[in-house]
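Here my numbering runs 464 ahead of the position in the sequence shown, where the first position is 1.
Where a beta carbon is used, it is the ideal one built from N, C-alpha and C, also for glycine.
As structure tokens, the structure follows; a few thoughts come after it.
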Amino acid sequence: MIDKIKHSRKIVFAFISIPVLLLLLAMVFIAIRQNLLEKKYVYYSTLANAMGISTQTPVLYKGFEVGRVRDFSLMEDGNIGLEFYILNRYKNIMVTGSILARNTNPITGKTTLEFIQNPNSREHLQDKSTILSSDFPEGKKQLKLIAPQTSDPISLILDNLAQLSSSLNEDYNADKGSIPRFLVNLADASEKANASMNKVEEITTELSILTANLNQDNNPESGVLLRTLNNLAELTQGLNNRMNELEFILASAQTAIDNYKKPDSLLIKLLDPEQDKILQPLSETLNNLESATAELAKILATVNNPELRLLLSNLNDSLAKARKTLEGLNNNPLLRKGISPSAEQNMPSPKYIHQVPNVP
């Protein structure tokens, strides 16, 4: 059991370590391909506009990519401030008096920045130095001095056209170029298209014959194909009617489901559909009862008034005195035997005479 656990740990470690190792190797390979591990020297320049410029625009020197654009921004004077870097291996080409020229291919529209080295200088530029651009008169003047063959825009366009024509004429066949072979292939394709059209015409004729054969039947009024289409139309019409009925059934079922979702509404519809036999009179009765309750609350509120309590207390005192007077008159010795003892017992206690029960 312990050996199995040890082997399982090794397997888990292998499954974890191998992908991590492959990821590290891939990252190192990407870093090498992107020159991330190589030292870079930063330089600055100024352009008239940012047309065709991006943060990955290459900087070329005699066809070799020696660096790339790192950043560019709009300055206060309306020009474009450009920041680019040169790889460490090409640091020795950066000399004073060099020019940064922008070349745009008129066919593809691709823009590249070409570094034109000053052949008359051996003084190396320091890091973060500024290089003139061919977009401005000062840079154009310097470009004519150090590289007159590349300073003429017309000659650049002609060179680009020459490169385009040579690339079109290049082929593995030394006798024929791309353009002649293209024309020959176009002629062959037109001949094949003509042959294909003839075949299409033959197929159309055969389809016409097949259709005529399908329309032939013992019934002189209609053929097999027409009767099939007619039966299919009737079938679809019947299916459409069944679908309408099914839609009505589903709508009724949905209505019933909606009614059962609200049982109170269903009960109302069953007991009083018009709501004028039970619900409306009951509602009026409840409204009247609510009004009467409000009035009763007002009356009870007035009963709890202190002035009314005082009035009732005084009334109780007066009634008690009147009762004693009547008892005395009724039990007068001249008339009978005086006040009976039972009258004293039935009289309320003096402490309860001035109290009135609270009414909620």
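According to DSSP, is residue i helix, strand or coil?
i, result
"Asp535", "strand"
"Ala565", "strand"
"Leu546", "strand"
"Lys504", "strand"
"Pro522", "strand"
"Leu746", "helix"
"Ser782", "helix"
"Leu589", "coil"
"Ser598", "coil"
"Glu529", "strand"
"Ser615", "With a pLDDT of 44 at Ser615, under the threshold of 50, the predicted position of this residue should be treated as unreliable, though the coordinate-derived value follows. If DSSP states are grouped into helix, strand and coil, Ser615 belongs with coil."
"Ile817", "Since pLDDT at Ile817 reaches only 45, below the 50 mark, its modelled position is unreliable, and the value read off the structure follows with that caveat. Coil, per DSSP."
"Pro483", "helix"
"Glu709", "helix"
"Asn658", "helix"
"Asn694", "helix"
"Ile475", "helix"
"Met435", "Absent from the structure is residue 435, since the part of the chain shown begins at 465 and ends at 824."
"Gly702", "helix"
"Gly792", "helix"
"Asn752", "helix"
"Pro583", "coil"
"Ile517", "coil"
"Glu670", "helix"
How far does the alpha helix (DSSP H) with residue i in it reach, from first residue to last?
i, result
"Ile610", "601-610"
Would you say residue i and residue j are within 8 Å of each other, going by their C-beta atoms?
i, j, result
"Ile550", "Met558", "yes"
"Tyr525", "Ser593", "no"
"Gly561", "Asn543", "no"
"Val530", "Tyr554", "yes"
"Glu587", "Asn552", "no"
"Ser598", "Ala651", "no"
"Leu577", "Thr519", "no"
"Ile610", "Asn582", "yes"
Beta strand (DSSP E) containing residue i: first to last residue?
i, result
"Ile580", "575-580"
"Tyr554", "Here Tyr554 belongs to no beta strand (DSSP E), and DSSP marks it neither H nor E."
Please identify the residue among the options whose C-alpha is closest to the C-alpha of residue i.
i, options, result
"Ala512", "Ala756, Met661, Leu596", "Leu596"
"Thr510", "Val523, Ser537, Lys574, Glu748", "Ser537"
"Asn567", "Glu655, Asp722, Ile517", "Ile517"
"Leu625", "Asn569, Arg645, Thr668, Ile673", "Asn569"
"Lys608", "Gln520, Ile563, Leu650, Glu670", "Ile563"
"Lys574", "Ile610, Asp781, Val523", "Val523"
"Gln606", "Glu791, Leu779, Ser629, Ile580", "Ile580"
Can residue i be considered in contact with the ligand ADP, in the sense that its beta carbon sits closer than 7 Å to one or more heavy atoms?
i, result
"Glu791", "As for the ligand ADP, it is missing from this structure, which has no ligand bound."
Can you name the residues that DSSP bridges to residue i?
i, result
"Thr510", "Gly545"
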